[in-house]
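First the structure, in the form of C-alpha cells, and then the observations on it.
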Amino acid sequence: MIHSLFLINASGDIFLEKHWKSVVSRSVCDYFFEALERATEPENVPPVIPTPHHFLINVLRHRIYFVAVIQSEVPPLFVIEFLHRVVDTFQDYFGVCTEAAIKDNVVVVYELLEEMLDNGFPLATESNILKELIKPPTILRTVVNTITGSTNVGEQLPTGQLSVVPWRRTGVKYTNNEAYFDVVEEIDAIIDKSGSTITAEIQGVVDACVKLTGMPDLTLSFMNPRLLDDVSFHPCVRFKRWEAERILSFIPPDGNFRLLSYHVSSQNLVAIPVYVKHNISFREGSSQGRFELTLGPKQTMGKAVESVLVSSQLPRGVLNANLNPSQGTYTFDPVTKLLSWDVGKINPQKLPSLKGSMSLQTGASKPDENPTINIQFKIQQLAISGLKVNRLDMYGEKYKPFKGIKYMTKAGKFQVRT
Amino acid sequence: MSASSAFSDDKAGSASEPEYGHDPASGGIFSSDYKRHDDLKEMLDSNKDSLKLEAMKRIVAMIARGKNTSDLFPAVVKNVACKNIEVKKLVYVYLVRYAEEQQDLALLSISTFQRGLKDPNQLIRASALRVLSSIRVTIIVPIMMLAIKEAASDMSPYVRKTAAHAIPKLHSLDPEQKDQLIEVIEKLLADKTTLVAGSVVMAFEEVCPDRIDLIHKNYRKLCNLLIDVEEWGQVVIINMLTRYARTQFLNPNINESLLEDSSEKAFYASDDEEDEDKKAEAAALVKRKPYVMDPDHRLLLRNTKPLLQSRNAAVVMAVAQLYFHLAPKAEVGIIAKALVRLMRSHSEVQYVVLQNVATMTIKRRGMFEPYLKSFYIRSTDPTQIKILKLEVLTNLANETNISTILREFQTYIKSMDKDFVAASIQAIGRCATNIGEVRDTCLNGLVQLLSNRDELVVAESVVVIKKLLQMQPEQHSDIIKHMAKLIDNIQVPMARASILWLIGEYCEHVPKIAPDVLRKMAKTFTNEEDIVKLQIINLAAKLYLTNSKQTKLLTQYVLNLAKYDQNYDIRDRARFIRQLIVPTDKSGALSKYAKKLFLALKPAPVLESPFKDRDHFQLGSLSHLLNAKAGGYQELPEWPESAPDPSVRNVEVKDSIPDWSKCTSRKDRKEKKLDKPFYSDSEGDSGPTESADSESDSGSGSESASASDESGSGSESEESGEETESEKEEEDEEKEKKRKKRLDKTKAKKPAEESAERCAIHTSYQINTFSHFAQTPVSKQPPKQSKKESKKETQEMSLLDLDDFEPTPTSAPVTPVNFLSSSLVSDLEGLSLTDTILAPTTIAPSGSIKMYELLHRITGEGLAVEYCFSRQPFSPDPNMVAVQIQFTNNTNSETKNLHIEEPRLQSGMRIREFAEIEVLAAGESVTVVMGIDFCDSTQAANFQLCTHTRKFFVSIQPPVGELMTPVFLTENDFKKEQGKLMGMNEISEKLTLGEKCVNEHVIVERVTATANLSRVPCGSDKECRFAGKTVSSGCLVLVTVTTKEGGRAQLTVNCEKMVIGTMLVKDIMQALSQ
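Protein sequence lines, in the order shown, are assigned to chains A and B. If you use the UniProt record's numbering, the first sequence corresponds to residues 1 to 418, in order. If you use the UniProt record's numbering, the second sequence corresponds to residues 1 to 1074, in order.
Structure (C-alpha cells):
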C-alpha cells in the first residue's frame, strides 16, 4: 500500500524519508514540487498527484507536507487518514509536530513509523499500543536515559495488540482517579450582509481525559440525546447500546481521547451568539475608504463572549488602514492585506468597535470585492445546542472516581459577508 | 566539531553525542565521511550497549535524511543478536533498509530470526517473522515460505496476523510462489479472529483478488466480524465485499432499471421487432418482478451500516461506496449524512469526499438535496475545495432550489479569488442550460457582469453567454449588439474569439454591426492571438457569404493577411476558405454549398459535469479520483443476470447449532418473502435469524430461538413475541459480558493459552444453554427432537425471514421466558461479574423485559430498585398483576429489613407485599415478586419502601397493556365474543404503519410487546387478532389489526371497559406507527 514517506518543509527540503518496501528515489518528489509551484497557495496542492510510475498522496499539517508514495490502487482516503493519524501521533509524542521536533526525535519518529506500518499496511495506530512499545520522550526521561544509558523502547512486550480492547492497556494505576469530559461545540455559520443567517450548524465533540485505575466500564448519558443528529464514536463505544438506549457505554482508553463527535440536527434553530454591524465602503474616485465595525452579543444565554478575534482579508487595492479600536488591538499587514483585531471580551454595556479609514492606491478604481469577516470567540460553560450530560456511572471497579464535566462553545467557521 | 574530537568524546562517553549525530557540521561530511563511519564501526564493535545504541541512533538518523550508510552493513549485522531491545530494533530497521543491496551479508542474520520463530513468546515469534519477511533477498524465499506456513497455523492470532502480513511481501519478492501462498490465504481466511481478518483480506487483495471462490465460505463470518475488526482492516474488507456482492447477488434496483430499459427499447425498436421484444420484456418482467434480496446481501448491508459512525473517514467512505453500489435505491440515502459530516474534516479529506459526492449527485441528486447548505462556500476554503463544492451545488440545482443557489452564486462572483469567480460563472451557465426556467434570469445576470471591472469576469461571462445564446439566438440580438461593443475593451483571447464567433454566427441578426466589427478586426489582425485570428477569418467568410457587397474587400484583405501569417494553421485555414467561398473557374461543386457549410444550424453545446459517468469506477478508489485506471485496480463487476448458487456460502456447522439455511429449501424461503419486497431494516439488532449462520457468538441466539419456538404458547403463547425482543437485549448483554470475560481471561492467562481459551468461551455458552435445555422441566425431550420440531415449524411459519419469530399457536405448558432466563441467569453467575449480578429466582426474566426504575441508586443512597412486569400469573391472587422487583445494594454495608409500608392506594386497589428481606449484603442484589391489583386502571400505586434506616416514597404506574393477561381463543370463539362487544364497546382507528412494520411478524411483535395478549389464529393473512382479559375484573380484550394496501391499517379494539380500550388503542397505534 504505502511505499514510502517523505517529509517536506515549507521551503521545499526533504528532511526525512522512510521506505517500507524497496527504496523509491527521492527524485519522485520533483513531481510534487512541480505541483507545489503551480498552486498559488500552499493548501491548493492537489492531495493526489499522479506521476508516471507512482502516485503521490500528500497532506499539509503544521506547514509540513507529508508525502506518501504509492504504486497501485488504494483508497486515497485510506492513505490520507493514515497520514493524519501519523501527525496526530507525533503531536501526541512531542507536544508539537514541527520540523525541529521531528529532527530532534528522529530516532523515535523512525521507530514509530516502523511500528505503524508493516509493508505499507497499517499495523499499530492506537496511541496506547504505541506508547507501550515506544515511550514518549520527556525531559526527565531524556536526562535519565543519558545518565543511565537506558532506552526509550519499552522493556516489556506489548500486550495491547493482543487484547480485545486494543485501545486500553492493562495494569493502569493512578492514585487520583479522575474522569473529565469536555463538551465543546463549534458554530459554523454564514451570515449575510443584512445580518440574516444563511446557514448555521453546530458541530460538537466530547473530549475526555480519563485517568482511572484498572478496567473501568463507564456509561455516560445525556439529558437530551435526541438533539444529536449524526454521531461518530471512538471505537470503544458500544454502538448497539447507543442505538437502543442512547447511552454511551465504553471501556475508556487511558488518557486523552475523543469520545464522540456529533452534529446537531439542522432542524433546530441555531442560536447565533454575536452580531456584527459593519460598513465597509469605497467611494468612486476617492483614495479613501471607510471602515466601521461594531460587535455585540446576541443570543448568549447570559454568558460572556470571550477571546473574540476578528479577521478580514481586505481587497488587494487597499494600501493601508488607519483604524481606531475602542478596545483591544488591531494589526494590518500591508503585504497580505490581512486585518486582524484582537477584541477580547465583549462588554454588553460598551460594545467594541473598530472605526477608521483605509487608503487606496491613488488612481485605482474602487475594488469590487467585498471582504468577508471571520470571527472567532469562546463562551465558557455553555453548550449552545443545549446538550447536557445527565450522569456518568462507572462499573467494574470499586473506587469512587472524581468526575468533571465542562462545556464550551466556540466559533467554528463563522463568517459574515459584507 | 571535528570528527577526531567526536571520536575522543565517544571514548569518554560524552553526553553531547546525540547532537553530533543529528546535526553534523555540514561542511565536514564529505571530507570526514570515511573516518566518521570508522568511528561508528568502532562503537558498534564495543562491548557497551550504550555505545552501540548511540551508534545505531546516529546511523538511523542518517538513513532518515537519505544518506547512504551501506558500508556499515557488516558492522551492524553483527549486532542483530544484541540483548538490548532498542539496539535490536534499530538493527532491524537498518537491515530491512539495506538487505536488498547486500544480499550475501544479510544471510548472516537469518539464523537469528529462525531461532526467533521458535521462541515461546508469541510477540517475539511475530516480530521475527515480520523482519524475516521484510528482508528482500530471493535466496531465502523457501525459508520464508516455510515460516509463513508454520506461522499460519500458530496458536497465537497475533502471529497468524503477522503471517498474513508476510504473504504480500513474499508475493512481491517471488510471484512464482503464488499458488502456495493462495493455500495459506485460504487457510487464514477461515480464521475466526478479528485480529487476522483484516490482514488476510489485504493479502487476498494483493495476491489473488480474482479468486472470489475463496470468499464464499467465509462471507458470512466476515460480515459478522466486521464491526470488531480494526479500522484499516474494515476498509479493505468492505471494498472487497463490495466486489464480491456484485458478482453474487442480483441488482436490488433491477425492476426499476428494467422498466427504464424497456421503455427505451420500445421507443427505438423497429415495428416488426417490437412485438417480440415486448413479449420477451414482459416475460422478463414477470420473471424478475418479485425481486427478493438474498439474505446474505441484506446481512452485508446491515452489518456495515453502523460503521457509517466510524471516526475513520476511510471507513465511512468505504461503507458509503458499498451502499452506493449495492443498496436498493430507497436505502442509499442514509450515507449522505455521514458524508456531509466528513466535510468538517481536514481539507484533503474534504477534497476526496467532495469528488465522490460530485459523482453521486449526478446519479442520485435527491440524496444530498437536504444538505444543500452544507456545500455553501466560505471565503476561507482552499480554491480546489471551492471549485468542487461549486460542482456539487450545480449538480444539486433543480427548479425548486435554483433561486437560492443563484443568489448564493451571486455572492461568489464578488469573491477575491479569481479562479473561483470564473468557475462560478461557468456554474451559472450550467444551471441555465439545465434548468430552462431560469435561463433568462441567468442570461441577464451574466450580461450585467459584462460591465464588471474585472476583465477575467467579463471574459468568462462572454464565453458562457455565447454558449447560452446558441440555444435561442433570435430573442437576444440586443445582447449580441452589446457584446459587439465589448470587443473594443476585452483583451482576453478566448472572450474575443467567442464574441467574434457569435457575431459571425448570427450576423443576420446584427446586419449593421457585423461588417463594422470585421473592419476593426482587420485593422488589429496582425496583433491578435491565434484563436482570435481564426475567428476573424470565420467571421469574414460568413459575412462574405451573407453580405458580400459590403465585406468583399475586407474579406480579401483579411485572407491576404492570413496567407502570410506565421502560424500554418491560420495559413491553411485562409487558403481553404478562399477556395471555398470565392468562386473561381477552378472551384469545384463545393462552393455552391459554402453557405450551407458555414451557416448550418449548429446544435447547442451541452454543458456537462466532468463527473458524469465516473461511477463506473468503484467510488472511493484512487482510479475514481483520477478518472483513470490505476495499477492494480479491480473492476467493479456488473450485476449478474441471474444469481449464482447462493448455497456456496453455507457453512458446515457444528451439531449444536441448527443450520437454518438447511432447514428449508431456498425456494420456500423466497416464496415466503414475495409479499415483502424489502424487509425492514431492524437496526442493529442481532436477532436470531441474523445469527443463524454465524457460528460463534450468536449461535446461542439461534439456539434459544429454536427453543422458544418449540415451546411457545398455550396460555402463555403471547410471551414468545415479547421474548424475541428480550432475547435481543439479553444477547447484547451477553456479548458484552463475554467481551469482558475474555478480557479478564487475557489478563489472567498467559498469552499462549489465550486462543484455545477463546474457543472454549465460544462454545461454553452454547453448552450452557444446552445443559439448561435439558434441565428445564419443559423440555424433557432430547434436543434432537425439539430441533426437528422447530424445523417443521420453520417451514410453516417462514421463520427464516430476517425479521422476527412469531408466536406459534401450539400449546406447551411452559413459560418460555422462565426457561430461557433461568439458563441465562446461571450463565451469568458463572461469569462472576462485578456489575449487575442477577439473582436466580423462580421468575426471573430480569433485564429481559423492559425494566423501570423505582429508586435510583443516588436517591436511594446506594440502594437501586428496578421493577418490571413479569407477565406471570401472580399465584397467590389471580386478580393481581405480578410486579417483579429487583433490589441492588450498591453501598459498602448491609441493608436490612427491606419491606413495604403505608401503601396509599386508590379505592379498590390492593397490594400483596413481598416478604420482608432481612439482609441484603453489600454488592448483592435480590429479586422479589409482589402483586398489585390495579383495579383495571392505570392509576399509580404509591407506597413506601423501607430499609432499617430510611424510607423512600415510590410509585408504580402500569402501562395499560400490562393490566391484562392472555386468553386463548379459537377463531370462532373470537368472532363470537367480538360480536358481543359491538357498538360502544368497539373502538376502531385507522393508522399508517411505521416503516418497519412491513410484515405480520413485526406487527405481532409490536402488539404483544405493548400489551400482554395472545395471538388468535386467523385464516386471513391480512388480519392479526389478539385476545386477553383484564387481570382484575376479567373483561375480555380483543384486538384486531387489519392491514391494507400502502402501509395503511385498521386497528379495532373490543372491550367492555371503554377507558382501557381507548388507552390500549392509543398505545398500540403508537407502537405500530413507529
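Beta carbons: idealized from backbone N, C-alpha and C, even for Gly.
From residue i to residue j, what distance separates their C-alpha atoms?
i	j	result
B/Ile124	B/Lys88	12 angstroms
A/Thr89	A/Pro371	37 angstroms
A/Phe78	A/Thr125	13 angstroms
B/Thr584	B/Leu597	18 angstroms
B/Ser548	B/Thr441	37 angstroms
A/Arg417	A/Thr199	12 angstroms
B/Glu500	B/Gln535	In the sequence as displayed, the identity of residue 500 of chain B is Leu instead of Glu. So the two alpha carbons sit approximately 6 angstroms from each other.
B/Leu554	B/Leu619	56 angstroms
A/Ile2	B/Ile402	43 angstroms
B/Arg341	A/His263	8 angstroms
B/Gln350	A/Gly214	39 angstroms
residue 1077 of chain B	B/Asp454	Look at the range of chain B in this structure, 1 to 1074, and you will see that residue 1077 of chain B is not part of it.
A/Asn224	A/Arg38	50 angstroms
In terms of residues, what are the limits of the beta strand (DSSP E) holding residue i?
i	result
A/Asp92	Careful: A/Asp92 lies outside any beta strand (DSSP E), inside the alpha helix (DSSP H) at Pro76 to Phe94.
A/Tyr275	Val274 to Phe282
residue 420 of chain A	No answer is possible for residue 420 of chain A: it lies beyond the span of chain A, which begins at 1 and ends at 418.
A/Val205	Thr197 to Lys211
Would you mind working out which of the options sits nearest residue i, comparing C-alpha positions?
i	options	result
B/Glu901	B/Glu391, B/Leu518 and B/Glu913	B/Glu913
B/Arg857	B/Thr888, B/Lys951 and B/Glu1056	B/Thr888
A/Ile379	A/Lys355, A/Thr409, A/Leu392 and A/Pro352	A/Thr409
B/Asn879	B/Asp936, B/Gly860, B/Glu853 and B/Ala921	B/Asp936
Please confirm whether residue i has its beta-carbon closer than 9 angstroms to some beta-carbon of chain B.
i	result
A/Ile191	no
A/Glu37	no
A/His84	yes
A/Ser196	no
A/Ile14	yes
A/Pro401	no
A/Ser232	yes
A/Asn44	yes
A/Pro52	no
A/Tyr110	yes
A/Met1	yes
A/Gln361	no
So the alpha helix (DSSP H) residue i belongs to, where does it begin and stop?
i	result
B/His171	Pro157 to Leu173
A/Cys29	Cys29 to Arg38
With hydrogens ignored, establish whether the beta-carbon of residue i is closer than 8 angstroms to any heavy atom of the ligand FMN.
i	result
B/Arg298	The ligand FMN is not among the ligands present in this structure, which contains no ligands whatsoever.
Answer with yes or no whether the minimum CB distance from residue i to chain A is below 9 angstroms.
i	result
B/Val91	no
B/Leu626	yes
B/Asp454	yes
B/Ser698	Since pLDDT at B/Ser698 reaches only 38, below the 50 mark, its modelled position is unreliable, and no value is offered.
B/Tyr867	no
_For a minimum of 4 consecutive residues, which ranges assigned as the alpha helix (DSSP H) are wholly contained in the stretch 411–457 of chain B?_
418–434 and 439–449
task = Ignoring anything shorter than 3 residues or poking outside the stretch 593–624 of chain B, list the beta strand (DSSP E) runs there in chain order.
result = none
* Can you check the stretch 279–320 of chain A for any beta strand (DSSP E) of at least 3 residues that lies completely inside it and give the ranges in chain order? => 288–297 and 305–313
Please give me, in chain order, every unbroken run of the beta strand (DSSP E) with length at least 3 that falls completely inside the stretch 1013–1041 of chain B. 1014–1016 and 1023–1030
* Uninterrupted alpha helix (DSSP H) stretches inside the stretch 529–590 of chain B (no shorter than 4 residues) -> 530–546, 548–563 and 568–581
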